[in-house]
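Going line by line, the protein sequences match chains A and B.
What the first sequence shows, in our numbering, is residues 469 to 575, in sequence order.
What the second sequence shows, in our numbering, is residues 469 to 575, in sequence order.
Cβ coordinates follow ideal geometry from the N, Cα and C atoms, glycine included.
All values derive from a computational prediction rather than experimental measurement.
Input: a single structure, listed below in structure tokens.
There are 2 protein chains.
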Amino acid sequence: MGASKVEIHTDAHILISEIAKVLSHPARVAILEYIAKQENCICGDIVDEIGLSQPTISQHLQVIRNAGLLKGSFEGKRLCYCLDVARFKEFQQVLNQFFNQTSAQCC
Amino acid sequence: MGASKVEIHTDAHILISEIAKVLSHPARVAILEYIAKQENCICGDIVDEIGLSQPTISQHLQVIRNAGLLKGSFEGKRLCYCLDVARFKEFQQVLNQFFNQTSAQCC
DNA sequence: TACAATTATCGTAATATTGCAATATTATAT
DNA sequence: ATATAATATTGCAATATTACGATAATTGTA
Numbered sequence: 469m470g471a472s473k474v475e476i477h478t479d480a481h482i483l484i485s486e487i488a489k490v491l492s493h494p495a496r497v498a499i500l501e502y503i504a505k506q507e508n509c510i511c512g513d514i515v516d517e518i519g520l521s522q523p524t525i526s527q528h529l530q531v532i533r534n535a536g537l538l539k540g541s542f543e544g545k546r547l548c549y550c551l552d553v554a555r556f557k558e559f560q561q562v563l564n565q566f567f568n569q570t571s572a573q574c575c
Numbered sequence: 469m470g471a472s473k474v475e476i477h478t479d480a481h482i483l484i485s486e487i488a489k490v491l492s493h494p495a496r497v498a499i500l501e502y503i504a505k506q507e508n509c510i511c512g513d514i515v516d517e518i519g520l521s522q523p524t525i526s527q528h529l530q531v532i533r534n535a536g537l538l539k540g541s542f543e544g545k546r547l548c549y550c551l552d553v554a555r556f557k558e559f560q561q562v563l564n565q566f567f568n569q570t571s572a573q574c575c
């Protein structure tokens, strides 16, 4: 099928999987790292940095944006992206809670 | 395409994405939680627990196994799975390092 | 050895993801 | 208003993932 049976899963499990999905492609990991690293959030050269076409990068950015991790504002002609650090740390916390709880419960 | 251009990405980014990929499906999150929760690792009823067919669960287990997160041993007729907690915590650490470094660098 | 129970693998269908060329949109400057 | 530069969207092809029925392999037991 290819379609996951979402209805049988708990909200908590779906949340974790959706957070993980954002990080499940190396280009998105690279993009996140890059937009965080840039001083003054001067971005737009992500395309040159990563080595994928502009539409592909834009598509990955949309995944990141839909997850609520992207803040953007215009600076001159160029759209300047920035990581939503608060949300990013939220993600980290959700994952850590899962990791901690799960490993604590194990034999 | 559907094939990610692995060759253009760094090992670090690929590692993170591969770890995330294991967690990127709610069934696998549920399975990981479940095999950790079970006392004495008496497993095999994951199928009943999750609500997917036996082949599908087996397939998800393979993804988890390939990631090095699964330890298995036979107990009577039934194969008894257990989480490799050390490896699991390794994964947590890799992700945390990424989260911490990335958010620290950000504006 | 043969049988029953459990798990893995194979084959296949449906859907999702990834990637890019072409095109549209958006914003600034002239 | 027009031109230019940057980004988003569309359309499409290739590959990956997800799911399950059928079947094979594995293990303990009679």
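| query | Applying the criterion that 16 or more other CB atoms from any shown protein chain within 10 Å of the CB defines a buried residue, is residue 523 (chain B) buried or exposed? | reply | Your numbering for residue 523 (chain B) matches position 55 in the second sequence. Exposed is the call here.
| task | For residue 551 (chain B), decide whether its Cβ has a neighbour in chain A, counting only Cβ atoms nearer than 8 Å. | result | Residue mapping note: residue 551 (chain B) aligns to position 83 of the second sequence, counting from 1. Answer yes: the Cβ-Cβ gap between residue 551 (chain B) and chain A drops below 8 Å somewhere.
| message | Contact criterion: CB-CB distance below 8 Å. Does residue 494 (chain B) meet it with respect to chain A? | response | Locating residue 494 (chain B) in the second sequence gives position 26, counting from the first residue. Residue 494 (chain B) counts as touching chain A.
| Residue from B:481, B:487, B:490 and B:495 with nearest C-alpha to residue 471 (chain A) | To locate residue 471 (chain A), count along the first sequence from 1; it is residue 3. Of the listed residues, the one whose Cα sits closest to residue 471 (chain A) is B:495.
| residue 483 (chain A): first and last residue of the uninterrupted alpha helix (DSSP H) it sits in | By 1-based counting over the first sequence, the position of residue 483 (chain A) is 15. First-last of the alpha helix (DSSP H) with residue 483 (chain A): 479-490.
| query | Helix, strand or coil: how does DSSP classify residue 520 (chain A) here? | reply | On the first sequence, position 52 is the one that residue 520 (chain A) refers to. Coil.
| Cross-chain neighbours of residue 501 (chain A) in chain B, by beta carbon under 7 Å | Taking the first residue of the first sequence as position 1, residue 501 (chain A) is located at position 33. Under the 7 Å cutoff, chain B gives 570.
| task | Please list the partners that residue 548 (chain B) has in chain A, where partner means a Cβ-to-Cβ separation under 7 Å. | result | Residue 548 (chain B) sits at position 80 when you count from the first residue of the second sequence. For residue 548 (chain B), there are no neighbours in chain A by C-beta distance under 7 Å, as the nearest C-beta there is about 10 Å away.
| request: With 8 Å as the threshold, decide whether the Cβ of residue 471 (chain B) is near any Cβ in chain A. | output: As a position in the second sequence, residue 471 (chain B) is number 3, starting the count at 1. No, its Cβ sits nowhere closer than 8 Å to a Cβ of chain A.
| task | Take residue 531 (chain B) and list the residues in its own chain whose beta-carbon comes closer than 7 Å to its own, dropping the five residues that flank it on each side. | result | If you number the second sequence from 1, residue 531 (chain B) lands on position 63. Hits under 7 Å: 490 and 496.
| said: Quick check on this structure: which residue in A:521, A:560 and A:514 has the alpha carbon closest to the alpha carbon of residue 548 (chain A)? | reply: As a working note, residue 548 (chain A) is residue 80 in the first sequence. The closest CA to that of residue 548 (chain A), considering only A:521, A:560 and A:514, is found on A:514.
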